[in-house]
Each structure stands twice: as C-alpha cells, then as structure tokens.
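> Protein chains in written order, with the working numbering: chain A, 1 to 151; chain B, 1001 to 1752.
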Amino acid sequence: MMQIKVNGVERSYDGDSNLPLLWYVRDVLGLTGTKFGCGMALCGACTVHQDGKAIRSCVTPVSATAGKEITTIEAISKNGLHVVQQKWIEYNVPQCGYCQSGQIMQAISLLKEKPKPSDEDIEGGMSGNICRCGTYQRIRAAIKAAAGENA
Amino acid sequence: MSDNILNVSRRGFLQGMLSTGALVLSVRLIPEALWATEASAGSNADRAILHPSVFVGIDTDGTVYLVAHRSEMGTSSRTSVPLILADELDADWKRVKIEQAVGDLRYGDQDTDGSHSVRDGFTSMREAGATARLMLTQAAAQKWGVPVSECESDLHVIVHRPSKRKAGYGELASAAAKLPVPKKEELKFKPKSAWRYIGKGATSYDLTDLCTGKAGFGMDAHVNGMVYASVEHPPVLGGKFKSYDDKAPLQVKGVTQTIPIKPFTPPHHFQPLGGVAVIADNSWAAFQGRKKLNVAWDNGANATYNSDQYRKELQDTARKPGKVARNIGDVDAVFAKGGKIVEADYYVPHLAHAPMEPPVALADYRDGKVTVWTCTQSPQAVQETLGEVLGIPKENVTCHVTLLGGGFGRKSKPDYAAEAAVLSKATGKPVKVVWSREDDIKFGYYHAVAAMYMKAALDEKGKPTAWLQRSVFPPIGSTFALDTTYGDGGELGQGWTDLPFDLPNHRVENGSAVNHVRIGWFRSVANIYHGFAAQSFANELAHAAGRDSVEYLLELIGPPRIVDVKATAPDYDNYGGSPTEYPLDTARTRRVVELAAEKSGWGKRKLGKGAGMGIAVHRSFLTYVATVVEVEVNDQGEVKIPAVFTAVDAGVVVNPEATRAQFEGAAVFGTSIVRSGSITAKNGVIEQSNFNDYPVARMNEAPYKTSVYIVDSDAPPAGVGEPGVPPFAPAVCNAIFAATGKRIRELPLSKA
C-alpha cells in the first residue's frame, strides 16, 4: 500500500507500483486534464508538478512519487485562474488545446525558475513540449506577458 | 414552406436540449426526398451530393442553442460556423450555447475536412439565421398589432421603431414557433456593414476549458464499468496472425482478457486492421500486456514494400509518359526544337499526421445498438463503418463527437472506433481503445509518397515556351477501391492541373503507383508534393533566367484573368466549388504575391551572411496564399527560420484571429514537413515509431515569427485550415537556395 498525494489529497494505492503517474491520475483518479501524448517523455503533454517542478508523468512510476506533492492542471490555481492561464486566454494560445495543459504546467515551472525569461530561456524551457498545431509563437508571447505580471 | 428550410419544432430532434415551444429550424440545401439517401462514407461523391444542415433553437429564456455539426480539432469550426448563424440572427453571442451534433444524416455533410466548414456553412447558416430572425420579427409585429416592416432586430430583441417597444427573443420564441417558415425569397440578409461577428470573429467557445484541463477530448471519454483495450496490429498491411500466446499477458496486473480481431476484407477502407486486443482495467496495463503477446504473423503480400526501392520505381515512372490530366498546345513539339531545356526531379516521402491526441474511442454495444464517444472528423463515417463492421443498421450507431486533440485528416478515418465497437460487443462491456503513439505512427493512413518530374523549355528571355509536369503517387482511392493506381481529379486538381501560370504549351501528367500501406488525406493533401515541385521549379527557372524570384513568378502567373482550368483539364473539380462562385482568378494570385513581397521587404532589406528569402504562391481549397520565408543557414548547414510573411486571400473571412492562428500553425506544420517528416517502410513494416524517430517541429525549430496578412475581400469564403501548408516547404527551400546556392529537391532536409 502506497500513499500518494495528488492535488493536496492523500490517497492510498495498492495497484502496480510501476504504473506511471500519468495513468494513475487519469485512469484511477479520473483527473483527465493531464494528457497522454507519447509515453516516452518526448512530448510533454503529460507534464505535472512534483513539489512545484515540472515532471513528465508518463515516465514517472507512481511509486516514485511517494512522499511528494503532485499537482495537476486541475489544481494549479486555487482561486480563479493562474496568471499563466489568464495570459493563455488573453493571447488566444490554444488551437486544439490537447497539449496545453502540459504547456501551461511547463510554463509555470519555467517562470518559477526564471521569472524574467529571455527568448533562449523560453526555448530551453519549452522545447520539450510539442504542439502539433503550432502555437509556439503565442506560447512565447503569453509567457513573456505572464513574466511581465510577475514583477 | 421555403424550399430548403423546414420547421421541425415537433420532430424532437433536439429532445432534452430545448424546452417545449422552442423554435427549432433545420437547414438543408437539397430536396427532402434526398435526405434519407445513404451515400458511401467520406467519398467525394458523398460530399458532392449532401450539403450542410444545421439546427438553431431559441428557448423561452432567450438562450440560443446552435448546433455545431462539424468537429472541433483546433481550427475553430465549432465556433466560427455557429458564429455566422448568430450574426444573421442578430443574437447575443454571450447567450449562445453550442451543442455538438451527433452523427446524423439530417445535419447534411458533417465531415470536418477539406477546409470547407465555413465555406459550406456561410449561406446555409445565414439563411437559418435570417429565417429565425424574420419569424421572431413577425411574432413581435403580431403581438403588437403593427406591420412587420416597422419592426427590426437589435441584438437579441425585436424593436418596434415608431413606438420603441421591445421584446426579447425568448419572449417571442413560442409565438414564432407557431408561424409558417417564410419563403427564402422573403428573407432579408444583413448588409456587410451590419455584421456583428463575421469579419470580427470570436475566440474559441472552449477557450477557458482548454486552459484549465476541463475540455473533453476523446481520450477523456468515460462511462461507468468501462475497460481499456490496446490492440497489437499486424505489422504489415493485410497481415494476419498465425498464433499468439496470452499466458504471459494475463499475468500482467490489471489485464483481464485477450481478444482476436479479424482482419479486414480488402479494400481496407476504415475497417479495423485486425490483430489481437488486450483488455485491462487501465490503459497502461493493456499496453504492458501487449508486449508479452508473442504473436506469430503471416505478413502477406505487402511485406515486399521497401521505401528505397519504391522510391526508385516512382522516380522511374515519373520519367516516363503518364496519363494526361491537362493539355494546352504541344509541349513535345517545342521540346523537339531543342534550345534551353531545364529538368528537375522532386520527391516527398510518406508523412504521418501525428495529432497530439492519438486515435482513441469508447464504445458501448448493447442489443444490436452501439453508442460511441470519439474524436472523429466524420461521425457519419463512424456510423457507416460501425454499421458495416458489426452488421447492424447505421441508424443503430450513435456517435458522440468529442473535442479532437488534433486531426489533420487522421481522424477522418474511424478504424479505431470500429475496434472499440467490435471489442465492446465481444466483452459485453464498454471498451475504450487507446492507441499508443507507436500505434499512431506505425498504423496511419499515410500521406502519399510522391515523385515529380518537371521539364521546361525557355526562350532567350528565360520565359517558358513549354512546360511538362508529371506526378506519381499511390492514390487515396486505393483505400476505397482495389487496383486504384492513378490519382483522381481531386488529387490532380490540388496544385497540379490548376497551376495558374500563363503557358503557351503545357501538359500535366500522372503516373501509376500501387499502394502498400493505407493512404489517406493529410492536411492539404496532394497540394503538399505538387506545390513543392511546382513552386520549387518556378524558382529554379527564375534563377536559370537570372531574374528576381518575385518578378519572375508574377510573369509566370501572367496578366490578371480568369483561368478556365476545366476547359483543358476535364476532371478538374475545383474543390467542389462552382467555377462562377470560385473561379481561378490570377488577379488574386498576383495580389497575394505582391502583398507578401511588400510586407516581407522583399528586395529592400539587407540580409546577413547565410540568410536568404524565398517565395512561393499556391491556391488550395479556393484560397490564395503567398508565403515569403526568411532563413538563416549557419556553417554547419543548420537552418533557422526567423520570419515568415504570409498573405492570404480567403474571400470573406469570418474569424480573422482564428485564421491568423491557422496560418501561424501551418508554418509550423510545414516546418515539420521540411525539416524531418519522413515515414519509410522496410519489408512492409513502418520504420518509425514515436517523436524520437518521427520528429515534429518544436519551439526552437519553428519559425520565430509568422506574420499573416489577410486580404480584405468580398469573394465567397474559402478554406483556412489547410491552405497555409502547401507554399511553406517550397518557400523555405527557395530561401535556402537564395542563402546557400543549394537546391533542395527532396524532403525532408534531415535526409538531404
């Protein structure tokens, strides 16, 4: 029996300990905001936060998260929208939107590390997250705008 | 009763959605007798016969329900199409609720493909909106005992001008529902100056949900008691399993069962590929179980498919006379005279759609009926396919359309939904089939691999006196009919027979190619390889003539005129658009070239070392697009794309912001094609499997900035989802030539 803390709630789990966190939050907990894209940490659609830092949940066994705080897109903001989400809306970032939970989680993590990211910082931080619709220039603009409001 | 609008308030089509007394209109563009006609799934004939149909409901509380009958895959169809209706209805967009239609022939054509949702909806939606608005106006006039002519709408209310009395739409809905539907001739459409939403647009109806993880994709569909499935497909198209062993899979925690799926009956169409399914209580356990199946396959005839060898075959065919698709004058006579001749071969490999959401479907089969929740571009194809595969009437298939995590044409083919249905029937439970990324890449309906051969004779000024173009590719028709080896009028009309150049002698040909994998529509389809060859070759000729690329391109296009393509290319279908509404107008072709050149600072900006600019122009899906790409190539040959300038004439643009987004996205999609897109087969097995060996453009590889310039136009609306893609690759390669002198004739760059 493992204790897994997701979005502030402590839960017991006694299934396969190798089960990736992605499938635990999606198929077991029914938190479907976190997406499956590749299963190999190649696309970033599954990005969640572990103790506030972006991780790829598709390659993180649920057992490895014991004792850590996992946060998914559903709980990234307790009151209304996170500033990054607000900027995503203001800059009309999503097309299909499937990758955007992961993009937003990655961007929030990036801004924690680099509150005023340069273009290089943004490319470095975000290039692990694929958007097949090609919304990158809006993502960059939204991150810069969010950084502006970090001041 | 109007010719094409029917009051269906009592039919209960939208039961449960609207309260009694609500005004419900349906729109159709064909005689009622044809409504019940069944047509084959997703064929061009299907699209040609049926036209869009939509429902609008106005509830007594003033809520306006608009039914989105097309799918949302990121292009804003679900927002932009209902927005047209809302505008003509003079409805307050904030009081509109959009309901996603299930698959149903009564909605007309529901295929979200071919960049035609706004085009198809523009007239029918306005008719529906104007009809509802007139009925509300009549109801208000009746209520007040005043002439209808003294009343008009003003954002969700009807106003009696002389007395300034007002009544809300909700208040009038019941009375309006009792009125006969006005004749089409009675309808008055808003003048362009009164449009509230058309031309201004609206953000996606789902925008907030998409940013908060609440949006419901196919991957997120859920019903109680459902189980998860993953299918081990035959590695080669048409293969069958000889044996498999499920002892080990059944040891995997969570795995409950394995089920064989029978192979398809050729042609494959949208049938399941066959194979062995592993059923489990979560997706991952099903994936793990599959790895232990130990299947022995009989690969069948397509195991001979090797991309290296096939490429040589295509290129050989491209060098031999083919079937003539368009002819003007006599190119052979000119070539026989000799003089300056330029020849070039171009090649574009297979591509996989790779939408971020892999194919996924949830099906619940009970007592001869099945309900499906899936990310599909064609819910009616889901009905037809599942009906055929299960042997039940298609009316017994209910298809709920979720949001799509990208489509790009892949989700027009519901083979994955058919798998879910077959497995639900076999297990007696709701089954969600989840494709892995590897499944998606290895078992696609691939964009056709294509070889093109171009030949031109130039006069002393460098102008072509004869132009021959020949393409060879396994056609999409091979998915639907055996022994189809030539492209049809649709494929050849995509940037090939419709080349808008002013040429005295011009011949367009197509050679034969046999398919060995499933071939399907892929964002902008045959325009990709045709546009690459035509626009690269035009640029080669400009350089051969020692001319500026833009000036030369304008000369090739020639004077502004209407080109009657069909006169010399009998099978040309103009994307189903009538030649009077949507003629090929070279004035528009020229205008986008001039606009893109001007905005990019063509010929006026000084570029740094290793930098260059390239241009390409391409009309597809009835939209004219010119793209200038700026590249920087470093000493290692690495290409950066700092800027893209795209000029677009798509006729009336309903949603400019969404349109700009589509062209920004098309530049990134095009970047993937240019840089790295390549699917290859060895012994019939696809060699790529995930984003490691089938890379798509990431932020650091994408254009830094794409600027989109929309031409203000009163022409009928045309497509915006696909037309940005075709000119992108040739514009990049023309820019690389300008920067480095290296001509790219084969994609992608990673294989150059």
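Just so it is clear, CB atoms sit at the ideal spot from N, CA and C, and this is done for glycine as well.
Can you tell me whether B/Ser1117 is buried or exposed? The criterion is at least 16 other CB atoms within 10 Å of its CB, across all chains shown.
Buried is the call here.
> In chain A, which residues lie with their C-beta within 7 Å of the C-beta of B/Phe1217?
Within chain A, the residues near B/Phe1217 are Tyr98.
> Is it buried or exposed for B/Ile1341, if we count other Cβ within 10 angstroms and need 16 for buried?
Result: exposed.
> What do you reckon, is the C-beta of A/Cys58 under 7 Å from a heavy atom of the ligand COA?
The model depicted lacks the ligand COA and carries no ligand whatsoever.
> Where does B/Asn1294 sit, in a helix, a strand or coil, going by DSSP?
Reduced to three states, the DSSP call for B/Asn1294 is coil.
> Between the alpha carbons of B/Gln1110 and B/Ala1544, how many angstroms are there, rounded?
Those two C-alpha atoms are separated by around 47 Å.
> Along the beta strand (DSSP E) that carries B/Leu1645, what are the first and last residues, could you check?
The question names Leu, yet the displayed sequence has Phe at residue 1645 of chain B. It spans Val1639 to Asp1649 - the beta strand (DSSP E) in which B/Phe1645 sits, taken as one unbroken run.
> With B/Leu1207 as the anchor, note down where its beta strand (DSSP E) starts and where it stops.
Unbroken run through B/Leu1207 is the alpha helix (DSSP H), Leu1207 to Thr1212; no beta strand (DSSP E).
> Identify the residues that DSSP records as bridge partners of A/Gln3: which are they?
Per DSSP, A/Ser12.
> The beta strand (DSSP E) spanning B/Met1452 covers which residue range?
From DSSP, the beta strand (DSSP E) with B/Met1452 extends over Ala1450 to Leu1458.
> Nearest-angstrom Cα distance between B/Leu1423 and A/Cys96?
One C-alpha to the other measures close to 28 Å.
> How far does the beta strand (DSSP E) with A/Ile108 in it extend, from its first residue to its last?
Looking at the DSSP string, A/Ile108 is not in any beta strand (DSSP E); the run it does join, the alpha helix (DSSP H), is Gln100 to Glu113.
> Please look up how many angstroms separate the CB atoms of B/Pro1500 and B/Ile1557, rounded, as I've assumed it's under 8 Å.
Correct: roughly 6 Å between the Cβ atoms.
> At a CB-CB cut-off below 9 Å, which residues of chain B make contact with A/Thr47?
Near A/Thr47 there are no residues of chain B at all, since even the closest Cβ is about 11 Å away, more than 9 Å.
> Quick one: grab the DSSP three-state call for B/Gln1315.
Here B/Gln1315 sits in helix by DSSP.
> In chain A, which residues lie with their C-beta within 8 Å of the C-beta of B/Ala1667?
Near B/Ala1667 (Cβ distances below 8 Å), the residues of chain A are Gly134.
> What's the C-alpha gap between B/Leu1553 and B/Ala1167?
Cα to Cα, B/Leu1553 sits roughly 58 Å from B/Ala1167.
> Which chain A residues are close to B/Ala1354, counting only those with a beta carbon under 7 Å from its beta carbon?
What B/Ala1354 touches in chain A: Arg132.
> Of all Cβ atoms in chain A, is any one closer than 8 Å to the Cβ of B/Arg1745?
So no, B/Arg1745 is outside the interface.
> Need the endpoints of the alpha helix (DSSP H) that B/Ala1697 sits in, please.
Premise fails: B/Ala1697 is in no alpha helix (DSSP H) and is neither H nor E.
> Taking the beta carbon of B/Arg1410 as the centre, do at least 16 other beta carbons fall within 10 Å, making it buried, or is it exposed?
With 16 or more Cβ atoms within 10 Å of its Cβ, B/Arg1410 is classed as buried.
> With which residues is B/Asn1683 paired in a DSSP beta bridge?
Note: B/Asn1683 sits in no beta bridge, so no partner.
> Which of the three DSSP states is assigned to A/Ile139 in this structure?
A/Ile139: helix per DSSP, three-state reduction.
> Looking only at C-alpha atoms, which of B/Ser1478, B/Glu1491 and B/Ser1307 sits nearest to B/Ser1471?
Measuring from the Cα of B/Ser1471, the nearest candidate turns out to be B/Glu1491.
> For a test of the three-state rule: what should DSSP assign to B/Gln1100, helix, strand or coil?
The answer is strand: DSSP assigns B/Gln1100 an E or B state.
> At 8 Å on the CB atoms, spell out the chain A contacts of B/Tyr1228, in chain order.
What B/Tyr1228 touches in chain A: Asp27.
> Just grab the DSSP bridge partners of B/Gly1275 for me.
B/Ile1261.
> Return the first residue and the last residue of the beta strand (DSSP E) that B/Thr1398 is part of.
Note, B/Thr1398: beta strand (DSSP E), Val1397 to Val1401.
> Which residue wins for smallest C-alpha separation from B/Ser1750, given the options B/Asp1087, B/Cys1733, B/Gly1741 and B/Asp1488?
With distances taken between Cα atoms, B/Ser1750 lies closest to B/Cys1733.
> CA-CA distance, A/Arg21 and A/Gly37?
At residue 21 of chain A the sequence reads Leu, which differs from the Arg that was named. Rounded to whole angstroms, A/Leu21 to A/Gly37 spans 14 Å at the Cα level.
> So is A/Ala147 in contact with chain B if we call contact Cβ pairs under 8 Å?
It does not; no Cβ of chain B falls within 8 Å.
> So, helix, strand or coil for B/His1530, using DSSP?
Looking at B/His1530 - three-state DSSP - the assignment turns out to be helix.
> From the DSSP output, in three-state form, read off B/Phe1241 for me.
B/Phe1241 falls in the strand class under three-state DSSP.
> Can you check the stretch 13-78 of chain A for any beta strand (DSSP E) of at least 3 residues that lies completely inside it and give the ranges in chain order?
Qualifying beta strand (DSSP E) stretches, in chain order: 47-50, 53-56 and 69-71.
> Consider the Cβ of B/Ala1729: report whether some Cβ of chain A lies at a distance smaller than 8 Å.
Not one chain A Cβ lies under 8 Å of B/Ala1729.
> Could you check whether the Cβ of A/Pro20 sits closer than 8 Å to any Cβ belonging to chain B?
Chain B, which has a Cβ nearer than 8 Å to the Cβ of A/Pro20, makes this yes.
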